[in-house]
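*Asks:* Under my numbering, residues 155 to 479 are what the sequence shown spells out, in order.
Think of the CB as a built atom: it goes at the ideal place given N, C-alpha and C, for glycine as much as any other residue.
Computed from a predicted model, the values in this text were never measured in an experiment.
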Amino acid sequence: MATRKIHDPEHGDANAPGVLRTPLARVDGVWVKLEYLNPSGSVKDRVASHVLQNGLRRGTLRAGGEVVEPTSGNAGIALAYWAKRFGLLAVVFMPENMTEERKTIIRAHGAQLVLTPESEGVVGAIRRARAYANERAGRFLFDQFDDEAGVEAQAALGREALEQARRQGIGDFDAVIAGVGTGGTIIGAGGAIKETHPSTRLIAVEPEASPLVCRQLFARVCPPPALPPLHDYPMAVCHLQEGIGDGLVPGIVRRHRALLDDAVLVSDQEALEETHRLNRAGHPVGPSSGTNMVVARRLAEGLTVLTFFPDRMDRYRSLPEFKGF
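Quick look at the structure:
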């Protein structure tokens with residue numbers, strides 16, 4: 155079944171490869187892909203549009219069908235946005251304690267939002283989304299934490315950054331830095347860059363309160379998580395770096411562990427201070443952008459470093475830490 159042709163004057167045809175192009179900008183000595191400029195406001199636009207287009211082309215999705223997604227916010231917003239444009243119904247499972255802005259945006263795009271218990275964290279949303287998808291044939295589950303389609307979509311982001319770097323005469327990237335939510339950006343975009351330039355270091359970033367990649371994949375001695383573990387990871391975590399550190403090591407990251415050169419922890423205080431600084435400087439970004447920049451700025455002197463501003467501030471303003479932005 156053919157996909158519906160979507161045209162956007164800024165981003166081109168949504169069915170065309172490379173449609174979601176964002177600027178590569180120099181910010182405080184760091185090269186940054188401004189992913190918050192994507193249509194629904196985050197890097198997850200790349201994943202959602204890619205997954206839905208492929209599903210429609212292959213016949214695993216049909217017009218009017220249901221697409222099921224567990225999320226902490228950005229992927230659900232992106233899925234709702236793109237599902238509406240492709241004539242699909244998005245059913246989004248999200249922990250109830252996520253910000254009201256995220257809930258409002260998801261519903262505004264016509265999606266059905268299922269709120270899951272705060273105590274279960276994102277892991278509970280994943281479990282409930284899988285159960286719902288399995289209840290009826292024809293429901294299409296996109297499990298962003300485990301699906302290789304997310305890696306494929308983010309690989310295009312890495313190739314795009316390489317092309318822009320070449321055109322701007324930047325040269326090779328010495329390091330790529332990204333916070334780990336699903337792991338799609340560091341594995342997909344970083345992996346594509348490392349494939350071209352094997353000496354590029356891929357550095358995963360986590361909140362101090364959720365050091366699961368550091369502990370489980372790098373055997374680091376880290377502070378204990380905020381809540382006691384269940385099934386080898388905490389069901390919920392308490393930190394302010396929303397969008398990353400969701401309380402599990404995603405399957406994507408486990409399978410591609412060999413690509414990672416290091417994992418670094420960032421405190422809430424560091425991340426919030428950097429997020430505030432970026433917003434005051436005119437970059438309306440969310441807390442994971444601050445997290446990324448904390449590490450990128452540490453390494454930028456004498457090196458060519460790439461990182462990402464994954465999303466924008468509009469989905470966090472109700473949080474006390476970001477009032478006024």
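Please state whether DSSP places Ile259 in a helix, a strand or coil.
*Replies:* helix
*Asks:* So, with DSSP's three-state summary, where would you put Asp422?
*Replies:* Correct three-state label for Asp422: helix.
*Asks:* Does DSSP classify Glu223 as helix, strand or coil?
*Replies:* strand
*Asks:* In terms of residues, what are the limits of the beta strand (DSSP E) holding Lys198?
*Replies:* Element bounds for Lys198: not the beta strand (DSSP E) but the alpha helix (DSSP H), 198-212.
*Asks:* Around the C-beta of Ala168, are 16 or more other C-beta atoms found within 10 angstroms, so that it is buried, or is it exposed?
*Replies:* Interpretation of Ala168 is limited by its pLDDT of 42, a score under 50 that renders its predicted location unreliable; no figure is taken from the coordinates.
*Asks:* Tell me which same chain residues have a C-beta within less than 7 angstroms of the C-beta of Asn446, skipping the five on either side of it?
*Replies:* Cβ neighbours of Asn446 beyond the five flanking positions: Ile331, Ala332, Gly333, Val359, Thr461, Phe462.
*Asks:* Find out if the Cβ-Cβ distance for the pair Pro361, Val420 is shorter than 8 angstroms.
*Replies:* Closer than 8 angstroms, so yes.
*Asks:* For Leu366, is the classification buried or exposed, using 16 other Cβ atoms within 10 angstroms of its Cβ as the cut-off for buried?
*Replies:* buried
*Asks:* I need the DSSP call for Glu360, collapsed to helix, strand or coil.
*Replies:* Assignment of Glu360 by DSSP, reduced to helix, strand and coil, places it in the strand class.
*Asks:* Please go through the same chain and pick out, in chain order, the residues whose beta-carbon is closer than 6 angstroms to the beta-carbon of Gly183, but skip the five residues on each side of it.
*Replies:* Ala454
*Asks:* Pull up the distance between the alpha-carbon of Gly483 and that of Ala319, whole angstroms please.
*Replies:* The structure shown does not extend to residue 483, since the chain is modelled only from 155 through 479, so no value can be given for it.
*Asks:* Apply the 10 Å Cβ neighbour rule to Lys477 and answer buried if 16 or more other Cβ atoms are within range, or exposed otherwise.
*Replies:* exposed
*Asks:* With contact counted as at least three CB pairs below 8 angstroms, one residue from each stretch, are the stretch 295-303 and the stretch 395-413 in contact?
*Replies:* yes
*Asks:* Can you give the beta carbon distance from Val246 to Val276, rounded, assuming they're within the 8 angstroms contact cut?
*Replies:* Between Val276 and Val246 the Cβ distance is about 12 angstroms, and since that is not below 8 angstroms, they are no contact.
*Asks:* Quick check on Glu189: buried or exposed, where buried means 16 or more other Cβ atoms within 10 Å of its Cβ?
*Replies:* buried
*Asks:* On a Cα-Cα basis, can you pick out the residue from Ala425, Lys238, Thr225, Ala237 that is closest to Asn251?
*Replies:* Thr225
*Asks:* When the Cα atoms are used, what is the spatial distance from Asp386 to Gly278?
*Replies:* Below a pLDDT of 50, predicted positions are generally treated as unreliable, and Asp386, at 39, falls in that range; no measurement from the model is reported.
*Asks:* Going by the C-beta, is Gly345 closer than 7 angstroms to any heavy atom of the ligand GTP?
*Replies:* No copy of the ligand GTP occurs in the structure displayed, which carries no ligand at all.
*Asks:* Of all the alpha helix (DSSP H) runs that stay within the bounds of the stretch 274-314, which reach a length of 4 or more residues?
*Replies:* Positions of the alpha helix (DSSP H) runs, each at least 4 residues long and wholly inside the stretch 274-314, are given as 275-289 in order along the chain.
*Asks:* Relative to the alpha-carbon of Lys238, which residue among Ser472, His430, Ser442, Arg261 has its alpha-carbon at the smallest distance?
*Replies:* Arg261
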